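Under our numbering, the letters of the sequence shown match residues 41 to 409, in that order. Note that beta-carbon positions come from the ideal geometry of N, C-alpha and C, so glycine has one too. Predicted model, so just to flag it, every value in this text is computed and none were measured. Only one structure is covered here, and it is reproduced in the block below.
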Amino acid sequence: MLSDNEKILVTRSSMPDFDEYVEEIRPLWESAWLTNMGVLHEKLHDELIDYLQVPGLTMFSNGHMALEMALDAMKLSGEVITTPFSFSSTTHAITRNGLTPVFCDINPDNYTIDADKIEELITEKTTAIVPVHVYGNICDVEKIDKIAKKHGLKVIYDAAHAFGVKYKGRGIGNYGDASMFSFHATKVFNTIEGGAVSYNDKDFEKVLRYLKNFGITDKENVDYIGGNAKMNEFQAAMGICNLRHIEREIGKRRKVVERYIERLDGVCGLIIQKPQEGVESNYAYFPLVVDNYKISRNGLYDLLAENNIFARKYFYPLITDYNCYRESFKDVKLPVAKRISDNVLTLPCYADLSLDTVDRICDIILGVK
Ligand SMILES: *Cc1c(COP(=O)(O)O)cnc(C)c1O
């Protein structure tokens, strides 16, 4: 069997130098303050506000709880329009809040929610839209904003893939009523596990702060039915270290993506995503859609695996095809999402992936007879 070092996986966590991390956590042995919004938590919070250029930010134990609690804090009811082409977390966060997801198809250019198909799904029960910035591609934030204003809906973005992305020079977390970022180990920026919600409304901050700490408002009062989703000091320390090197990491990802594009752009039967106008990308993922190529998506997946390269069928299956949702959504028609999901493969993409390996992956793909 191969060791993990010989396998090329779809992603690999960014790590600071060991000594750098140790220096960051050393003071914790003096203070013995390990969680509950400690010094490192507050430091990372301020640094992230700066980096993401957002007016307000609350950090969480992970991205999923950040999204679940953001939806909770909005006091929504009824139906929420979202996309089936995402990670399970997006729909689970809606459903676990007692809300009904209503699935909108995606657009074929960047795989985000098709803003032109949102309005036809709005009913008198609709209270919010939860779009996803898929692979770091941004949604049509302007069109979504117009629709939301016209119909009085909240917009909560799943921005798990979009850390550091800017649109027209503005941090992506400024759009909509709130955005959730994931700092999971596999994401562009990680705090081991972690996440955050950004927002404009300062009152929102209080509610989120209490919700993630059991709803406790002071020593003798519990005003909200909260949970526990606080980021601890070891997570924050990892974030402080990783944030120091984020520009370099994104720069290295950029080189990986540029090499893929150089090798694969214009090849008949292979579709790669086009850079979006006005968007400063974080190069989070490199999806390839296999469209009448010499080999199928599944064939290509197997061929790469035979060469110790483990791409991911990401996002396959669609959320509407999960065992836990299939029965409820069997009549929903989502032709574009279905086609992309059946044919997409995300190729290895991370900061430390060598360009030689990218070339080797491209050689295998292009060498198919
Ligand atoms: C990673 C991810 C999440 C969940 O984030 P965690 O930090 O892993 O809880 C939610 N949505 C999308 C699209 C993701 O990729």
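- In this structure, DSSP gives LEU393 a state outside helix and strand, which the three-state scheme calls coil.
- When ASN137, VAL172 and ALA168 are compared, the shortest CA-CA separation from ASP154 is found for VAL172.
- Within 10 angstroms of the beta-carbon of ASN177 lie 16 or more other beta-carbons, which makes it buried.
- Less than 7 Å separates the beta-carbon of ALA391 from that of SER54.
- Runs of beta strand (DSSP E) with 3 or more residues, each lying fully within the stretch 179-260, are found at 194-198, 218-222, 235-239 and 256-258, listed in chain order.
- With a 10 Å radius around the Cβ and a threshold of 16 neighbouring Cβ atoms, ILE265 comes out exposed.
- At the C-beta level, ALA324 and VAL228 come within 7 Å of one another.
- The continuous stretches of alpha helix (DSSP H) do not include VAL50, and DSSP gives it neither H nor E.
- Membership of VAL62 in the alpha helix (DSSP H) is indicated by the continuous run 58-65.
- ILE187 is positioned such that its CB atom lies no closer than 7 Å to that of VAL170.
- Under the 10 Å beta carbon count, GLU273 is surrounded by 16 or more other beta carbons and is classified as buried.
- Of all alpha-carbon atoms in ILE146, ARG400 and ALA236, the one lying nearest the alpha-carbon of TYR300 is that of ARG400.
- Not one heavy atom of ligand 1 lies closer than 6 Å to the C-beta of SER54.
- The stretch 90-103 makes no contact with the stretch 144-154, as fewer than three CB pairs between them are under 8 Å.
- Per DSSP, VAL79 is one residue of the alpha helix (DSSP H) stretching across 79-92.
- Under DSSP, the beta-bridge partners assigned to VAL120 are PRO141 and ALA168.
- Shortest Cα-Cα distance from ASP403 to any of SER117, ASN347 and CYS364 involves ASN347.
- In this chain, the beta strand (DSSP E) harbouring MET99 covers 96-100.
- Residue state for ILE162 is assigned as coil, using DSSP reduced to three classes.
- Between the alpha carbons of THR140 and MET114 lies a gap of roughly 15 Å.
- In the three-state reduction of the DSSP assignment, PHE127 falls in the coil class.
- In this structure, HIS173 has its beta carbon at no less than 6 Å from each heavy atom of ligand 1.
- In the structure shown, ILE311 falls within a strand segment according to DSSP collapsed to helix, strand and coil.
- When rounded, the separation of the alpha-carbon atoms in ILE48 and ASN332 is 26 Å.
- In this chain, LEU328 is not harboured by any alpha helix (DSSP H); it is covered by the beta strand (DSSP E) spanning 326-330.
- For PHE350, DSSP records a beta bridge to LEU49.
- Within a 10 Å sphere around the beta-carbon of ASN230 sit 16 or more other beta-carbons, which makes this residue buried.
- For LEU304, the enclosing alpha helix (DSSP H) starts and ends at 286-304.
- For a cut-off of 8 Å, the C-beta gap from TYR207 to GLY318 is around 6 Å, short enough to register as a contact.
- Fewer than three Cβ pairs drawn from the stretch 64-77 and the stretch 301-312 lie within less than 8 Å of each other, which leaves the two stretches out of contact.
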